[in-house]
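Residue numbers (our numbering), protein chains in the order written: chain A, 47 to 351; chain B, -19 to 296. Cβ atoms here follow ideal geometry from the backbone N, Cα and C, with glycine treated the same way.
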Ligand SMILES: Nc1ncnc2c1ncn2[C@@H]1O[C@H](COP(=O)(O)OP(=O)(O)OP(=O)(O)O)[C@@H](O)[C@H]1O
Ligand SMILES: [Mg+2]
């Protein structure tokens, strides 16, 4: 099977990106796949706590100082077949940490021996986050039913699209997108609607229109709804996928839901480890279902809720 | 109905091929509810982006699919033109089944709106004229310096080890406070990000695309890498918000970037620097913030937290 990169984002903090990343990784390891789980939240790394291990700061430092390979920074997790990369990158020169080090990091990451690499992108919509997201084979967004989380999801998607299309256009030599308009479309209080922005880009010419259409077509989002407390809320996944398709003209799949579960809270304070959480009867089948949908590119329809 | 056509209609209602009559009814009423009001949580954040006219178009799409699937007898008895009136959906359960009435109550806010009822039309939306604020100066323009990357550097050779990391940054002013508070003006991606090219001998080809955006950028600034002192703090300097700001600015760092790196709301940094204590309500969290931020700036975190929290407590 081809090596796959999964990137998990969603914009808002605390939706469950880390929990889901760790559960997907545990699930894949259980299927005898070689898994590398990456705490891409390189400022606020917390994945290691789910496995009761410490981040390997010194070897990550050594990697950036070119004294060691990235494979030497892999941390054993206690789950067989599952290795973790985690560490605090804040101690590096702040000006360069964002771009170079991440660039180098991802380049080497892709060369590691693994069947699946799962990157927990952390919160936010910074350029590095968007780029890592766009680089992934599976672009996964996590939302809860809360309106702020949904709002952040739209913002994330919007920024991903703008980033992608703008890159594609400028790659083809079309760089004359008005900066004021770009600023405006990315701000929260738009003076220009997203759909008008897209029309405007398409209106620049036949070639541009094709680039925009192709770019949108290349984005496929896998939606996961988390912290579902009532069945009714799982329908939000259907709504969101429909809205992403209709309004943003991208491909969207609803990969499934994870219910709210108190046991998951214990992960964060270290009183439960990921494997024991994964084994819970309400959790394992859901993760199996969601992971399966993501791998296969299939999705949940209304009649399957 | 042709199989392909049926699949198409089902997919409009987000239904799989095995959908039952009940599923169709459920999906239909879900979407009618979803797109009928701008107050559904999934629509609300986009209420400006997806205006009423567009929602009507979507509703008609959904309605067409529904009718096609259940046949004219399951007839849609919703009057979409009366969007802001309470709607009664009558779902026909088929022969002999009891007729079910589902009432969709629009939320209060909706009822209060005295908007005229818009006729249900199929016309294509004309693209709106885009309002552009001409008065916004492009701050970046002024500070930009054109730099050509010499061919030799593009080839990643002969670069001495010390300058292996060359920071190429588009300069950008730190947005003023009001702008920060609104959090509304997001810089255009390519400029907001310090862009760095790493010159490394073993650069594999596959990454050219990632680096590509840098080389193709028409205007870039080459800036010396800022050397961060280990701990420049005099023991007798009191660490205040102002001091943190001064250090940050001396290092040409932007709150936004720091926010991203530290994974914290950049607004908190603005509040910290301006000592807006009323916006910083959680002392425990604040202490953590000060420590992370000052550590990031290369300051002694314990001293910074101690000094700052003392001021915080005395002023609050
Ligand atoms: N399904 C769930 N049921 C109950 N609690 C959950 C669930 N998913 C996540 N949580 C809890 O929500 C909190 C946030 O989860 P997590 O750390 O995975 O979020 P995150 O999206 O990675 O956050 P950040 O953006 O800060 O990295 C944690 O306390 C976690 O235990
Ligand atoms: Mg996280």
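{"Asked": "The stretch 192 to 207 of chain A in contact with the stretch 25 to 35 of chain B per 3-pair CB rule at 8 Å", "Found": "yes"}
{"Asked": "Under 8 Å between C-beta atoms of residue 267/A and residue 243/A", "Found": "no"}
{"Asked": "Check: residue 219/B C-beta below 7 Å from any heavy atom of ligand 1", "Found": "no"}
{"Asked": "Cross-chain neighbours of residue -2/B in chain A, by beta carbon under 8 Å", "Found": "349"}
{"Asked": "Residue 184/A: CB within 7 Å of a non-hydrogen atom of ligand 3", "Found": "Ligand 3 is absent from the structure shown, which contains only ligand 1 and ligand 2."}
{"Asked": "Length at least 3, wholly inside the stretch 65 to 135 of chain A: the beta strand (DSSP E) runs in chain order", "Found": "81 to 85, 128 to 131"}
{"Asked": "Beta bridge counterpart(s) of residue 300/A as assigned by DSSP", "Found": "269/A"}
{"Asked": "Neighbour flag for residue 253/B against chain A, beta carbons, 8 Å", "Found": "no"}
{"Asked": "Proximity of residue 287/A and residue 195/A at Cβ, strictly below 8 Å", "Found": "no"}
{"Asked": "Per-residue burial, residue 126/A [other beta carbons within 10 Å of its own, 16 or more giving buried]", "Found": "exposed"}
{"Asked": "Cβ pair count under 8 Å reaching 3, the stretch 314 to 324 of chain A against the stretch 288 to 296 of chain A", "Found": "no"}
{"Asked": "Under 8 Å from the C-beta of residue 261/B: neighbouring residues of chain A", "Found": "By Cβ distance, chain A contributes nothing, its closest Cβ being about 17 Å from residue 261/B, past 8 Å."}
{"Asked": "Nearest-angstrom beta carbon gap, residue 165/A and residue 270/A [assumed within contact, 8 Å]", "Found": "Going by Cβ atoms, the distance from residue 270/A to residue 165/A rounds to 15 Å, so no, they are not a contact pair."}
{"Asked": "Short Cβ contact (8 Å threshold) for residue 210/A with residue 265/A", "Found": "yes"}
{"Asked": "Beta-carbon proximity of residue 316/A to residue 72/A, cut-off 8 Å", "Found": "no"}
{"Asked": "Neighbour-count burial assignment, residue 308/A, 16 or more Cβ in a 10 Å radius", "Found": "exposed"}
{"Asked": "CB-CB length for residue 8/B against residue 42/B, believed under 8 Å", "Found": "7 Å"}
{"Asked": "Which of helix, strand or coil DSSP assigns to residue 175/A", "Found": "helix"}
{"Asked": "Straight-line gap, residue 285/B to residue 222/B (C-alpha atoms, nearest Å)", "Found": "14 Å"}
{"Asked": "Short CB-CB distance (under 8 Å) between residue 285/B and chain E", "Found": "Annotation note: the requested chain E is absent from the structure, which comprises protein chains A and B."}
{"Asked": "Alpha carbon of residue 237/B to alpha carbon of residue 225/B, nearest angstrom", "Found": "14 Å"}
{"Asked": "CA nearest to the CA of residue 44/B, picked from -8/B, 18/B, -3/B, 34/B", "Found": "-8/B"}
{"Asked": "Any non-hydrogen atom of ligand 1 within 7 Å of residue 36/B CB", "Found": "no"}
{"Asked": "Own chain residues within Cβ distance below 7 Å of residue 87/B, not counting five before or after", "Found": "Because the pLDDT of residue 87/B is 40, which lies under 50, any placement of that residue in the model is unreliable, and the question is left without a value."}
{"Asked": "Residues that DSSP places opposite residue 53/A in a beta bridge", "Found": "165/A, 185/A"}
{"Asked": "Residue-chain proximity (residue 111/A, chain B), Cβ-Cβ < 8 Å", "Found": "no"}
{"Asked": "Enclosing alpha helix (DSSP H) for residue 226/A [first to last residue]", "Found": "225 to 232"}
{"Asked": "Distance cut-off 7 Å: residue 168/A Cβ against heavy atoms of ligand 2", "Found": "yes"}
{"Asked": "Local conformation of residue 274/A per DSSP, three classes", "Found": "strand"}
{"Asked": "C-beta contact flag for residue 240/A and residue 206/A at 8 Å", "Found": "no"}
{"Asked": "Short CB-CB distance (under 8 Å) between residue 169/A and chain B", "Found": "yes"}
{"Asked": "Cutoff 8 Å: residue 22/B Cβ touching any chain A Cβ", "Found": "yes"}
{"Asked": "Length of the line joining the Cα atoms of residue 256/B and residue 296/B", "Found": "10 Å"}
{"Asked": "Rounded separation between residue 223/A and residue 212/A - CA only", "Found": "8 Å"}
{"Asked": "Residue 272/A: CB within 7 Å of a non-hydrogen atom of ligand 1", "Found": "yes"}
{"Asked": "Residue 263/A versus residue 13/B: straight-line alpha-carbon distance, rounded", "Found": "28 Å"}
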